[in-house]
Amino acid sequence: MHVRLSGLGKSYDGVAWAVRDLDLEIPSGSILGLIGPNGAGKTTALRMMATVLEPSRGTVAFDGVTPDGPEGQQALRRRIGFLGDGNPLYKDLTPREYLRFFGECFRMDPATLRDAIEETLATFALEPKADTPAGELSKGMRQRLLIARCLLHRPDLLILDEPADGLDPRGRSELRRILDGVRSRGATVVVSSHILRELDDLCDRVAILQQGTIVVAGPVGEIIERYEVGRLVFQLRVLSGVEAARAVIARHRALLEAEGELDGLPTLSVQIQASRVGDHASAASPTDPARAAEAAMAELLSDLVAAGVKVVTCNRLRSRLEDVYDRLSDDRVN
Amino acid sequence: MSRLARVRSALLPFVHRSLRGRRLRRVGVLSLVFTLVATALASWIALDDSPVAREAREALRVERPLHERAFFEFREFTFTDTEHARMTAAYQAFAAAPSLRENPDEDDRTTILRERTRSAVDIAGAAIASWDPARHAAHADTVARLRAQRDRMGPQQQLNRRTFDWNDPKAVALLQRLADDGFIPTVTRYRSPLSLQQAIALVAAFACGLLGLLLTVVGPVLVGIAAATEVHENTLQPLSGSALDSREIALGLVAGALAPIALIAAPLLGLACVGAAIAGATTSFLAFVGLLLANGFAAAMASLTVALHAGRRRGPGAVGMSLFAVLGTWGLVGLPLGFAPVGNDEAAALTVLQSGGMVHLVRDALLGASIPTRFALAPRFAVGALATVVVGVLALRAAERRIPGRFVASLRPVEAMLGALTLTAVTMVAASSGRSIVAAWATMAAMIMPLQVLLMARVPTGDAPTGRMQLGLRGLAVEYAGWIGLHLLAMVLVFPATAQQATWFGGLAVAWAIAVAGLAAIRVVAAPARLPTMVLAGVAFLAAIAAFFQGVDAMRSASQIRVTLAYFHPVLQLAVAVLAVGIPTVLAWPLVPRRRAGAVTA
Chain U
520 MHVRLSGLGK
530 SYDGVAWAVR
540 DLDLEIPSGS
550 ILGLIGPNGA
560 GKTTALRMMA
570 TVLEPSRGTV
580 AFDGVTPDGP
590 EGQQALRRRI
600 GFLGDGNPLY
610 KDLTPREYLR
620 FFGECFRMDP
630 ATLRDAIEET
640 LATFALEPKA
650 DTPAGELSKG
660 MRQRLLIARC
670 LLHRPDLLIL
680 DEPADGLDPR
690 GRSELRRILD
700 GVRSRGATVV
710 VSSHILRELD
720 DLCDRVAILQ
730 QGTIVVAGPV
740 GEIIERYEVG
750 RLVFQLRVLS
760 GVEAARAVIA
770 RHRALLEAEG
780 ELDGLPTLSV
790 QIQASRVGDH
800 ASAASPTDPA
810 RAAEAAMAEL
820 LSDLVAAGVK
830 VVTCNRLRSR
840 LEDVYDRLSD
850 DRVN
Chain W
-8 MSRLARVRSA
2 LLPFVHRSLR
12 GRRLRRVGVL
22 SLVFTLVATA
32 LASWIALDDS
42 PVAREAREAL
52 RVERPLHERA
62 FFEFREFTFT
72 DTEHARMTAA
82 YQAFAAAPSL
92 RENPDEDDRT
102 TILRERTRSA
112 VDIAGAAIAS
122 WDPARHAAHA
132 DTVARLRAQR
142 DRMGPQQQLN
152 RRTFDWNDPK
162 AVALLQRLAD
172 DGFIPTVTRY
182 RSPLSLQQAI
192 ALVAAFACGL
202 LGLLLTVVGP
212 VLVGIAAATE
222 VHENTLQPLS
232 GSALDSREIA
242 LGLVAGALAP
252 IALIAAPLLG
262 LACVGAAIAG
272 ATTSFLAFVG
282 LLLANGFAAA
292 MASLTVALHA
302 GRRRGPGAVG
312 MSLFAVLGTW
322 GLVGLPLGFA
332 PVGNDEAAAL
342 TVLQSGGMVH
352 LVRDALLGAS
362 IPTRFALAPR
372 FAVGALATVV
382 VGVLALRAAE
392 RRIPGRFVAS
402 LRPVEAMLGA
412 LTLTAVTMVA
422 ASSGRSIVAA
432 WATMAAMIMP
442 LQVLLMARVP
452 TGDAPTGRMQ
462 LGLRGLAVEY
472 AGWIGLHLLA
482 MVLVFPATAQ
492 QATWFGGLAV
502 AWAIAVAGLA
512 AIRVVAAPAR
522 LPTMVLAGVA
532 FLAAIAAFFQ
542 GVDAMRSASQ
552 IRVTLAYFHP
562 VLQLAVAVLA
572 VGIPTVLAWP
582 LVPRRRAGAV
592 TA
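See the structure below:
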């Protein structure tokens, strides 16, 4: 589903704008990440996209059509899956009952619903707890159930407000896999998160909101290029050979940003420059700067090992979106 | 998809959720138990001979009080076989040689019989003494028999009773009974006077009472708790994003909460139908069902709306208890009217308090009582039911606007006007049997609180922070004045004395009271719900009530109020003047917009 926001604005009290002048294109089959500090208007914008909040100004068009009146909105909602902020569950309903309830609320026919419930329970690994009251589920499982509810009726547009809240690393990885799956069947995904590392590998497009307005929006690669943020930062935790490591890093013309200590071992924060991407463009991803930078880091790592540096761990510290965000944001909130 | 199919598919998820798993079985068992207990209890009350069952029958007006039966049927009732045997023995001994003279050796039972015989002789004596052969010739035979029986008793003492009403058919029937029985009461083993058919009717009446309780109190309270839970736990938000519209969600919430009640009520309704069919009073029974459904619908919708509002600030338990208190009291206040003799005031109250109307209809349909026609109760019930349905529809409209949480008024101007006109119509019909100026102003008094509710429903609320929103105070004032104006017009048309007896002071006081009540209503909704706001609104409302009654009093007696004011100390007069200006000013001050609604700019 193609979504277009035109001059979208919302004022709750007629005095101040919560969001204003939102102009945004979300192509069909893409994943858009909505980024912004608390109070920037992400939730308001998502709720207007999900048609559950009336805009004070402007329109949201879905596949070129602006829903006209309540009936149009009802028909449209059957094509939207929306996970709002802080959505609670019915504590006394089991996951199976919960999914059945919402499937019926989306007017799914009984046979389709029955199959969809079993499939969704399996997809979200909820089968073992399918008949346990939601109040007895862990926080992560509850969050999974909430997301499962949004996907039950196979929406063309999936809107998720902070979906990774409460998910453990495995759950987050599962979520990314599921969202990839949703995209692969042609659905559009809009997701907000304050954990930018979760988004930059996943999203095709990103929009950064500040004080209710979009400060930048577009494909992730373009934005990173526009703001000249072609760098990745990795943290190395070494057992020994810090001196040798410094020399290898200098030889690779990588920037040693900081040194420190973590769990009793020295750490080195290394920034891989975008200018080196061309040197490491691989056959698999000749133009992907992230892959190229990772290849450069892999080469550096192999040289470190060859130089006798005992590397215990190597973690990516910051995403490139975080760099963009840092450059744009002065973290003011409404 | 047809509209009906859409509504059905919208209600199903909520009904399924409500009756999921073992709940359906549990509700089924509860329904069976409820029906059996109701049947057993009603049958016991109808047929048992115990004093408790008899008292219950007397309270339900299906049996005359025992002392009345004993008097008019001239019987001495016994309650156990032993007592009956002893009393019968005493009767036989006394009947063989009846004497009115006290005998110190006689036992208690003989004393009872002798006292009653003495009383009967007394009544017969008064009847004989006041008998006029010209006016009561038809009773000559009875009088002759009474004389013969009295002579049988020997010389009489002076009569205690001096009068007898020959025009009272019950008294005359008693005389015939005395003549037949020779002044000695028949000893009768007490048995319930109700036949099996009457017992079935009583079971049906019981079922009707339980239906009333379930549909107008328990069901609506459950609706309120369910809605308050949804609001309190923020679970309405995902529902708003589903394929259901706000009305379908509102109706779904009601259907889900009422599904168990419907299962429990179904066999009771069956019992009631059987009883009505046997009793043959289907018209009254159908009228009862209509009134019940109208009231149940309105109560459920009103509970839903209240819960959707209150659930944001109060827990479901508090909302449920408040609703139970209000609906229970509303129902209980009306119940005694269903058993009371109907006069002007009762007829007026029955138009509004429909639980009384329902009791009248059940008694008419099943318990052999007839609805008084003197005050034309049936049209009052019809008008009341219609108004109740309008209230229910308006409450549903208000509820569906609250579900998305958008910043809108709960009712549109035309809906609020419909509500105001309905209230005017009901109060006019209620007071139509009175013609005094007090009756006219009573209609206005009855209007004020409902109009406040309507006004609250016209204040926009929702996703804006309370106290920062744009109210449109002038528009609200115009609407409120319009409702009041139309009601005044109706008052003048129905009660012409209202205009003739209007005084400037009375009019001013009433106008002040109405304005302050309106401002207090707006303030409660528009301002943040803090204690000072609530206290201020409460004080203002009390002041409005006092001013209203002062005003109406001034209409009745203009000179009286002038005298009262003149007696006030000047300081008190000044205080009254300060309050008269101060209260509305304090109420209105925070409501006046400091910034224009168009302040939002790009």
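So the sequences go chain by chain: U and W.
Under our numbering, the first sequence has 659 at position 140, and the numbering climbs by one with no breaks.
Under our numbering, the second sequence has 111 at position 120, and the numbering climbs by one with no breaks.
Even glycine gets a Cβ: it sits at the ideal position worked out from N, Cα and C.
Q) How would you list, in chain order, the residues of chain U whose beta-carbon sits under 8 Å from the beta-carbon of W:PRO595? A) Given that chain W is displayed from residue -8 to residue 593, the structure contains no residue 595 of chain W and the question cannot be resolved.
Q: Could you work out which residues of chain U lie near W:THR452, taking near to mean beta carbons separated by less than 8 Å?
A: Under the 8 Å cutoff, chain U gives no residues; its nearest Cβ is about 12 Å from W:THR452.
Q.
Check for me: the alpha helix (DSSP H) holding U:LYS648 runs from which residue to which?
A. Here U:LYS648 belongs to no alpha helix (DSSP H), and DSSP marks it neither H nor E.
Q: Can you grab the Cα-Cα spacing for the pair W:ASP172 / W:ALA128, in whole Å?
A: Approximately 22 Å, taken between the alpha carbons.
Q: Identify each residue in the segment 220 to 236 of chain W for which the Cβ-Cβ distance to at least one residue of chain U is less than 7 Å, and report them in chain order.
A: GLU224, ASN225, THR226, GLN228, PRO229, LEU230, SER231, GLY232, SER233, ALA234, LEU235 and ASP236
Q. Any idea if W:PRO487 is buried or exposed, counting beta-carbon neighbours within 10 angstroms, 16 or more meaning buried?
A. With fewer than 16 other beta carbons inside 10 angstroms of its own, W:PRO487 counts as exposed.
Q | Where the alpha helix (DSSP H) containing U:GLY659 begins and where it ends | A | Taken as a continuous stretch (DSSP letters only), the alpha helix (DSSP H) holding U:GLY659 covers 658 to 670.
Q: Under 8 Å between beta-carbons, which chain U residues line up against W:PRO581? List them in chain order, please.
A: Near W:PRO581 there are no residues of chain U at all, since even the closest Cβ is about 14 Å away, more than 8 Å.
**Q.** Exposed unless 16 or more other CB atoms sit within 10 angstroms - verdict on U:TRP536
**A.** buried
Q.
For W:ALA269, which residues in the same chain have their Cβ closer than 7 Å to its Cβ, ignoring the five residues on either side in sequence?
A. Rather than Ala, the amino acid found at residue 269 of chain W in this sequence is Ile. Taken in chain order, the residues that qualify are GLN188, ILE191 and ALA192.
Q) So does the segment 167 to 186 of chain W actually touch the segment 253 to 267 of chain W, counting three or more Cβ pairs closer than 8 Å? A) no
Q) Are the beta-carbon atoms of W:ALA309 and W:ALA248 separated by less than 9 Å? A) The beta carbons of W:ALA309 and W:ALA248 sit no closer together than 9 Å.
Q | Through-space distance from W:ALA118 to W:VAL163, alpha-carbon basis | A | 9 Å
**Q.** Proximity of W:LEU442 and W:GLY509 at Cβ, strictly below 9 Å
**A.** Yes.
Q. Is the CB of W:HIS300 under 9 Å away from at least one CB in chain U?
A. no
(Q) Against chain U, does W:ALA588 count as a neighbour if the rule is that its beta carbon must be under 9 Å from one of theirs? (A) Confidence in W:ALA588 is poor, its pLDDT being 40 and thus under 50, which makes the residue's placement too unreliable to answer from.
Q) Looking at C-alpha atoms only, which residue of W:VAL24, W:GLY383, W:GLY466 and W:ARG354 is the closest neighbour of W:ALA603? A) Chain W is shown only over -8 to 593; residue 603 of chain W falls outside these bounds and no answer can be derived.
**Q.** Assumed close pair W:GLU64, W:ARG168 - CB separation to whole angstroms, cut-off 8 Å
**A.** Correct: roughly 7 Å between the Cβ atoms.
(Q) Using 9 Å as the threshold, is the C-beta distance between W:ALA37 and W:ARG48 below it? (A) Taking 9 Å as the Cβ cut-off, W:ALA37 and W:ARG48 qualify as a contacting pair.
Q: Starting from the C-beta of U:PRO738, find all residues in its chain whose C-beta is less than 7 Å away, skip the five residues before and the five after it, and write them out in chain order.
A: ASP723 and ARG724
Q) Looking at the C-beta of W:GLY425, does it have a partner C-beta in chain U at a distance below 9 Å? A) Chain U, which has no Cβ nearer than 9 Å to the Cβ of W:GLY425, makes this no.
Q: Taking U:GLU776 as part of the alpha helix (DSSP H), name the residues at either end of that continuous run.
A: That residue, U:GLU776, is in no alpha helix (DSSP H); its beta strand (DSSP E) goes 774 to 781.
Q) If you check the beta carbons only, do W:PHE5 and W:ALA218 fall under 9 Å apart? A) no
Q) Can you find a CB in chain W that lies within less than 9 Å of the CB of U:LEU608? A) yes
Q.
I want to see whether chain U comes within less than 9 Å of W:LEU3, judged by CB atoms only; does it?
A. By this cut-off, W:LEU3 is an interface position.
(Q) Taking only three categories from DSSP, how would you classify U:CYS871? (A) As shown, chain U starts at 520 and ends at 853. That puts residue 871 of chain U outside it, with no answer to give.
Q: Taking all protein chains shown into account, decide if W:THR26 is buried (16 or more other Cβ within 10 angstroms of its Cβ) or exposed.
A: buried
Q) When the Cα atoms are used, what is the spatial distance from W:LEU323 to W:ALA373? A) 21 Å
Q: Please check if any C-beta of chain U sits within less than 9 Å of the C-beta of W:GLY215.
A: no
Q: Let me know if W:ALA131 comes out buried or exposed under the rule of 16 or more other beta-carbons within 10 Å of its beta-carbon.
A: exposed
Q.
Against chain U, does W:SER(-7) count as a neighbour if the rule is that its beta carbon must be under 9 Å from one of theirs?
A. no
Q.
Can you look up W:ILE505 in the DSSP assignment and give me helix, strand or coil?
A. Correct three-state label for W:ILE505: helix.
Q) Residues bridged to W:ARG66 by DSSP? A) W:THR177
Q. Listed in chain order, which residues of the segment 378 to 402 of chain W have Cβ atoms closer than 7 Å to some Cβ of chain U?
A. PRO395, ARG397 and PHE398
Q: At 4 residues or longer, and completely inside the segment 175 to 217 of chain W: list those alpha helix (DSSP H) runs for me, N to C.
A: 187 to 204
Q. Listing by chain order, which chain W residues have their CB less than 8 Å from the CB of U:VAL571?
A. The contacting residues are GLN228, SER231, GLY232 and PRO395.
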